[in-house]
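Heads up: the structure comes next, in structure tokens.
Numbering (the working numbering), first residue to last: 184 to 456.
Dropping the structure here:
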């Protein structure tokens with residue numbers, strides 16, 4: 184009886200551990216498959232080793248650059264520029280998108296400007312920003328903010344307009360003022376669209392930042408590292424920088440966006456697990 188009682192008591196813990204192991208294996212499987220394919224191509228000699236190094240060479244370069252302090256320095260400067268530019272994009276993108284969704288006049292005035300500016304590749308704006316603000320961190324941060332704001336504007340605008348009219352009328356019938364209407368009805372209803380816009384905006388921010396870091400002649404940054412390594416055909420250094428970008432992106436997804444979704448969308452019942 185005692186053994187049966189102990190087994191019953193530990194059953195939830197064992198089930199939780201199995202779920203964790205299954206989740207780890209499920210998330211790791213794509214990386215294992217891609218790594219195996221990469222190793223096979225590298226060792227078969229399909230490409231010259233200098234252009235397609237095996238994973239052990241990339242790993243050794245990654246460790247060397249990390250221990251020397253160069254890779255953390257490059258990564259820190261890039262992350263600071265990314266966060267500064269993306270924060271500006273979130274503030275102005277949400278404000279413009281919500282205003283367009285709530286006001287027909289704001290939509291009539293702003294939508295044509297957004298529709299014209301959004302399709303233009305972010306790199307096309309880079310020469311203008313460099314002429315206006317000079318080389319350095321300022322054009323990098325401002326260009327990241329400008330380019331990544333467009334997806335946030337579009338999705339915020341769409342999310343606000345997608346809130347069902349019956350929700351708004353029901354809240355107003357129960358005496359909700361504009362502040363409560365926005366906080367308890369519009370924001371929860373539009374948040375799935377806003378989260379999508381934030382993710383797309385962050386992806387845009389990464390793309391333009393890696394390019395502008397080289398053009399803006401900043402002394403440190405992952406973009407500078409990657410493009411500088413290209414001139415000397417240091418493919419292992421380029422791939423080490425790309426791996427850091429991927430790791431930072433994954434960390435932002437898991438530690439920021441997923442936590443924000445858990446705190447809002449799941450809590451408000453907008454999505455189910």
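By construction, the Cβ of each residue, glycine as well, lies at the ideal position given by its N, Cα and C atoms.
A residue is called buried once 16 or more other Cβ atoms fall within 10 Å of its Cβ, and residue 387 is buried on that count. With respect to the C-alpha of residue 394, the residue from 265, 379, 332 and 437 having the closest C-alpha is 265. The beta carbons of residue 325 and residue 333 sit about 14 Å from each other, so the pair does not count as a contact at 8 Å. By the C-beta density criterion, residue 396 is buried, having at least 16 other C-beta atoms within 10 angstroms.
Note that the C-beta distance between residue 276 and residue 336 is below 8 Å.
Proximity of the segment 294 to 309 to the segment 364 to 377 falls short of the contact definition, fewer than three beta-carbon pairs being nearer than 8 Å. Cα atoms of residue 287 and residue 434: separation of roughly 38 Å, rounded to the nearest angstrom.
Residue 313 sits close to residue 399, with the two beta carbons spaced by under 8 Å. For residue 389, the enclosing alpha helix (DSSP H) stretches over residues 370 to 398. Cβ contact annotation for residue 389 (same chain, cutoff 8 Å, sequence separation greater than five): 265, 428 and 432, in chain order. Taken atom to atom, the span from the alpha-carbon of residue 319 to that of residue 406 is near 13 Å. The beta carbon of residue 305 is closer than 6 Å to those of 330 and 391 in its chain, skipping five residues each way along the sequence. Note that the C-beta distance between residue 426 and residue 245 is below 8 Å. Straight-line spacing of the CA atoms in residue 403 and residue 321 works out to 14 Å. The segment 415 to 426 makes contact with the segment 243 to 259, as at least three CB pairs between them are under 8 Å.
In the three-state reduction of the DSSP assignment, residue 301 falls in the coil class.
Annotation: residue 209 to residue 310 spans about 44 Å, alpha carbon to alpha carbon. Nearest C-alpha to residue 327 among 261, 279 and 349: 261. In the DSSP assignment, residue 285 falls within the alpha helix (DSSP H) that extends over 253 to 285. When only Cα atoms are considered, residue 347 and residue 213 end up about 39 Å apart.
For residue 414, the enclosing alpha helix (DSSP H) has its first and last residue at 405 to 414. Judged by DSSP secondary structure, residue 421 falls within the alpha helix (DSSP H) whose first and last residues are 418 to 435. In the structure shown, residue 344 falls within a helical segment according to DSSP collapsed to helix, strand and coil.
Per DSSP, reduced to three states, the secondary structure at residue 236 is coil, with no helix or strand assignment. Cβ-Cβ distances below 7 Å link residue 410 to 397 in the same chain, with the five nearest sequence neighbours on each side left out; the list follows chain order. Closest option to residue 254, judged by alpha-carbon separation, among 442, 423, 380 and 299: 423.
If you check the CB distance, residue 273 and residue 438 do not come in under 8 Å. When the five nearest sequence neighbours on each side are left out, the beta carbons in the same chain lying within less than 8 Å of the beta carbon of residue 224 are those of 230 and 235, in order along the chain.
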